[in-house]
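What follows is one structure encoded as structure tokens, with my remarks underneath.
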């Protein structure tokens, strides 16, 4: 087994769908250098380790089950403890103080010792490895509050009369220990659920590949498991099937939906000699292909691995509370130790009691109640406010990073554009007749432009007639007879073959505008041309302008052609265009920007965007996009347009500002309270901060944090 504190050798899984094994290597999502065989806990941050290999295993997370069970038990037992502690005066008539204390001891003990046991383990690990974090504070605060209360319950005579309550007993803090443990358990449950959704992104990618392939062998066709397909096998792909592996078409022709790779909505025509990619969808014809890349060598498997590696390799930002814990925790412990020593050596009698009480007061007032609430309260309110504005944020780290983003990388199709091609140009002497003939012909075809042209005719109220003798010309266009006229629709090469003269300047102008064009002719005479394009979203120009006003650089990253991409970029004023890239190229482009010192947000909506979304400092998915993109992203814009990104940036700035204010409140109380609890005012004023006052100060700091966080509900995100 590898030492959990030392990096181990990195390895790649033999296949992306390999099931989890007992000797699987686990790693920390925040510290990828930590690896060990089997599950465990990261010694640096206390997070649970997760399997390094990509698997299809969708079994329940045992840690989530365990933490959920502990939380439920803790919640049930903590509530009566809280009622007994806070309702001491109201319940005094029915429950004696002595009975109340013993009930609190009985109810809180399983919460702290059983429910909070994982936190004590993580806290001890943080001390042993000298990587102090929030679990150090949680274990220290709850442990001291509980231990002090147990001593006060079992041995009240150790405490001086001045520190006893009206009931003649020292104050106890069972409710503080139990409630803090329960709240932290709730946070762990929510965190584990969120991390489980990340694994769902990889499983969604793996599900793109079919489970079987139809293999041709010795004149027979047999369905075999995908794992049995070997390089060189001949496979038949029928209409509606997903292409099983990467390879080349040998016979037949079809149109392939490659949006998984390129993000572009228009299918592409393939024939003998053309490459096809596993996981893409065969739409129309049947063909026979030869397998060339199988298993982990396929493009789909590489996308899966890219997503998995990018999710672990990005530099997650530790919470501010964790970053200062390395200084705060030892300082508090040192103050408590010094307090105990000074009171024990030179304090008044009973010295031991005063030493214990004042040291405990220091630790209680430094208990991370407000510190623990500072970030999650702001995040909870901020995320709720964002949801009302159509911005779904996955975690606090995403808000932290989004505030510091200086470069926004955007996909074209589905992000800047609608992702649904439309008929945008009709050029000809009689536009209505031209469109009627073309749409009547296309209604009988499976040409990639057909749906857009037919829909364009319907939107203009043009009636269609039945076409006859329709023939598809592979890679060229389509011909047929409409109302007794021989109609031809296709590219310039088809027109040249038919001996029809066309005006190429009109097509060149349309193509420079980012349109896919097709000439239309009838009975040997050119009628004009049609242009199909993916229109820019109406909200995109204003959103780009506002992002520029925020000082952000905008980069378009697309699998489309450079001509089409630059046409959209010119219209929107985008700073840089990177065109014709596949999924691994998108992730590499984001990584290159990060190497230049840029903090990058990537906005996209397709399966092909998933690796780049995971690689970016902040991944932003359009709510109308693919499930894999949504699962790979940190932020989802429900409206499906970039206007939501402007709101997300403002939400991030407001939330992080609120968190800093909350942390200031929390540390201010500690800074003022710890010296008083240590007894610095006693020599002059004879004033001691008893654990009761320390608890009240701790509660006041929590109230301040909660009240400040609630102000986020009214923050303005638009306009």
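Residue numbers (my numbering): 2 to 720. Every residue gets a Cβ at the ideal spot worked out from N, C-alpha and C, and that includes glycine. It should be emphasised that the depicted structure is a prediction, and the values quoted were computed from it without experimental measurement.
Relative to the Cα of residue 463, the nearest Cα in the group 454, 471 and 176 belongs to 454. Beta-bridge annotation (DSSP): residue 218 is paired with 221. About 6 Å separates the beta carbon of residue 363 from that of residue 336, a gap short enough to meet the 8 Å contact definition. For residue 432, no beta strand (DSSP E) segment is defined; the enclosing uninterrupted segment is the alpha helix (DSSP H) at 432–443.
When rounded, the separation of the alpha-carbon atoms in residue 280 and residue 501 is 40 Å. For the set 295, 105, 593 and 282, the Cα lying nearest the Cα of residue 82 is the one of 105.
About 15 Å separates the beta carbons of residue 245 and residue 258, which is beyond the 8 Å limit, so they are not a contact pair. Contact between residue 413 and residue 559 holds, since their C-beta atoms are separated by about 4 Å, short of 8 Å. With respect to residue 488, residue 496 sits apart: the two C-beta atoms are not nearer than 9 Å.
The Cβ-Cβ distance between residue 68 and residue 119 falls below 9 Å. Runs of beta strand (DSSP E) with 3 or more residues, each lying fully within the region 486–546, are found at 486–491, 517–523 and 526–534, listed in chain order. For residue 28, the enclosing beta strand (DSSP E) has its first and last residue at 26–28. Residue 610 and residue 587 have their C-alpha atoms some 7 Å from each other.
Relative to the Cα of residue 565, the nearest Cα in the group 550, 591, 254 and 534 belongs to 534.
Nearest neighbour of residue 345 by Cα position, chosen from 688, 716 and 680, turns out to be 680.
A Cβ-Cβ contact shorter than 9 Å links residue 532 with residue 511. Sixteen is the threshold: when 16 or more other Cβ atoms of the shown chains lie within 10 Å of the Cβ of residue 160, as they do, the residue is buried. Residue environment: residue 642 is assigned as buried (16 or more neighbouring CB atoms within 10 Å of its CB, all protein chains considered).
When rounded, the separation of the alpha-carbon atoms in residue 389 and residue 682 is 49 Å.
A residue is called buried once 16 or more other Cβ atoms fall within 10 Å of its Cβ, and residue 659 is buried on that count. Contact annotation: residue 519 and residue 530 have beta-carbon atoms nearer than 9 Å. When 338, 116, 350 and 229 are compared, the shortest CA-CA separation from residue 73 is found for 116.
Secondary structure of residue 593 (DSSP, three-state): helix.
Annotated as proximal: residue 216 and residue 230, with beta-carbon spacing under 9 Å. Under the DSSP assignment, residue 660 falls in the alpha helix (DSSP H) whose first and last residues are 644–679. Inclusion of residue 97 and residue 143 in the CB contact set at 9 Å is not warranted, their separation being larger than that value.
Straight-line measurement puts the Cα of residue 255 at about 8 Å from the Cα of residue 240. With contact defined as three or more Cβ pairs closer than 8 Å, the region 704–717 and the region 391–404 are not in contact. The Cβ atoms of residue 124 and residue 140 lie closer than 9 Å to each other. Contact annotation, residue 153 with residue 170: C-beta distance approximately 7 Å; criterion of less than 8 Å satisfied. Where residue 238 is concerned, the enclosing beta strand (DSSP E) starts and stops at 235–238. In this structure residue 386 touches residue 652 by the C-beta definition: roughly 7 Å separates them, less than 8 Å. The bridge partners DSSP lists for residue 473 are 479. In terms of Cα proximity to residue 210, the closest of 329, 299 and 567 is 299. Cα atoms of residue 460 and residue 436: separation of roughly 11 Å, rounded to the nearest angstrom. Using a Cβ-Cβ distance cut-off of 8 Å, the region 540–548 and the region 571–578 are in contact, since at least three pairs of beta carbons, one from each stretch, lie closer than that value.
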